[in-house]
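Read through the structure below, which is laid out as structure tokens, and then see the notes.
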Amino acid sequence: MPARDYDAIVVGASFAGLAVARQLRGNVLLLDRNEVGAVQTSACGTPLWLPEALGVASSVLQVHDRLLIRTPTRTVRYDLSPVPFCTFDYRAFCRGLLAQCGARFLRTSVAGIQDGAVLTGDGRFTAPIVIDASGWRRAVTGGVPDRPGEHCSFGLETHTALDDEGLTFLLDQRLIPQGLGWIFPVGRGSLIGLGSYAGRSKLKPAIESLVRRYGIASGAYHGTYFPSRLLRPTVGRVFAVGDAAGQCLPLTAEGIRPAVFFGGECGRIVQQVIDGALSLETGLERYRRLVAAYRRPYRLLRLAQWMAAHTPTRWFALVTHVAAMRPFRSGWWPRYGWFGRPRPCEAVAT
């Protein structure tokens with residue numbers, strides 16, 4: 176057999192890639208075009224248990240025990256205290272995960288894969304196992320689509336000086352057709368943003384209008400596309416994780432939890448392949464089965480997203496009101512709130 180540069184190569188060093196890499200021992204290469212934690216595209220909201228379980232609780236900026244869903248005609252309140260959420264500092268979160276990894280990190284662009292070699296701005300690197308965690312661009316498994324808005328949602332947000340308590344979602348077709356808005360307090364100030372389920376990217380004018388309602392100014396902007404349906408978790412002999420596999424949750428656009436959950440599970444499988452306990456083919460099949468087991472809840476969330484995008488706001492507001500009532504909430508909220516809770520990390524950073 177030809178010599179291999181590495182035991183495994185992970186492409187992408189955000190939530191999904193770091194979740195994979197922190198599980199791996201051996202000679203592992205972690206690639207990203209940016210420094211780890213340098214470029215935030217997420218609103219960075221997640222259940223509090225997630226940073227606590229990952230050992231990066233120091234990154235938490237604010238804890239939230241209530242959620243408001245505001246529409247033009249009503250406000251629905253959710254008590255999150257059984258599973259509180261939080262907002263966190265992206266750089267601190269990612270750098271904390273990187274410190275738990277034994278992989279070599281290299282900042283470089285990735286152009287794809289050819290004849291088993293990952294093509295980068297720093298040359299070709301080979302490994303028997305490659306994981307694509309590069310996000311919606313799918314640098315290894317698919318490449319950038321010509322029209323990402325046809326297959327992805329798009330979110331844009333700005334940091335403002337607004338002080339608030341609790342998380343807020345805004346449902347108003349006049350503000351954002353086929354989408355939603357949000358206000359996420361982050362300790363000092365709040366992130367205010369809009370997301371288009373239809374993939375419309377020209378959202379800044381609407382955000383500026385929203386910010387002016389609160390009598391404040393917008394700050395720096397960041398945004399990204401994100402998939403709204405599950406994609407193939409493996410392509411050929413390559414694993415795909417996070418947005419590269421379409422694992423962002425529909426409706427709420429939560430991408431962090433599924434990226435960390437599926438990334439951790441993928442990493443455990445990959446480590447078994449590295450150790451020789453599984454063949455690569457068996458590892459790929461095991462990961463496919465794992466993802467397939469979650470297709471039904473993803474379909475339900477996608478249906479809810481379709482309703483949010485295509486039904487009158489007052490109708491969907493009524494649905495959210497009924498879902499918040501105690502008899503109904505107890506049937507779905509615990510499963511949603513605890514989805515993706517990781518097992519203790521089995522890898523030892525070297």
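Using this note's numbering, read the sequence shown as starting at 176 and increasing by one per residue.
The beta-carbon is built from N, C-alpha and C at its ideal position, and this holds for glycine as well.
Cβ pair residue i, residue j closer than 9 angstroms
i	j	result
His326	Leu366	no
Ala196	Cys276	yes
Leu355	Leu331	no
Pro433	Ser403	no
Ser234	Gly192	no
Leu206	Thr316	no
Ser371	Ile351	yes
Arg470	Leu406	no
Opposing strand residues paired with residue i [DSSP bridges]
i	result
Glu332	Gly368 and His397
Asp254	Arg241
Thr301	Ala292
Val410	Val413
Arg279	Leu204
Val231	Per DSSP, none; premise fails for Val231.
Pro402	Cys327
For residue i, the three-state DSSP class (helix, strand or coil)
i	result
Ile184	strand
Leu243	strand
Phe190	helix
Phe437	helix
Asp264	coil
Gly515	coil
Pro425	coil
Boundaries (first-last residue) of the alpha helix (DSSP H) holding residue i
i	result
Pro380	Lys379 to Arg388
Trp490	Thr488 to Ala499
Gly354	Looking at the DSSP string, Gly354 is not in any alpha helix (DSSP H); the run it does join, the beta strand (DSSP E), is Gly354 to Pro360.
Thr166	Within the shown structure, residues of the chain are numbered from 176 to 525, placing residue 166 beyond reach of any answer.
Trp311	First-last for Trp311: undefined, no H or E at that position.
His485	Arg470 to His485
Residue span of the beta strand (DSSP E) that contains residue i, given as start and end
i	result
Val214	That residue, Val214, is in no beta strand (DSSP E); it is neither H nor E in DSSP.
Pro222	Gly220 to Pro222
Leu342	Leu342 to Leu345
Residue burial classification, residue i (beta-carbon count within 10 angstroms, cutoff 16)
i	result
Trp224	buried
Glu383	exposed
Glu227	exposed
Trp490	exposed
Gln289	exposed
Asp264	buried
Glu340	exposed
Ala194	buried
Leu475	exposed
Val527	It is not possible to answer for residue 527, since the shown part of the chain is limited to 176 through 525.
Thr411	The question names Thr, yet the displayed sequence has Gly at residue 411. Exposed is the call here.
Trp507	exposed
Asp450	exposed
Phe503	exposed
Asp418	buried
Tyr462	buried
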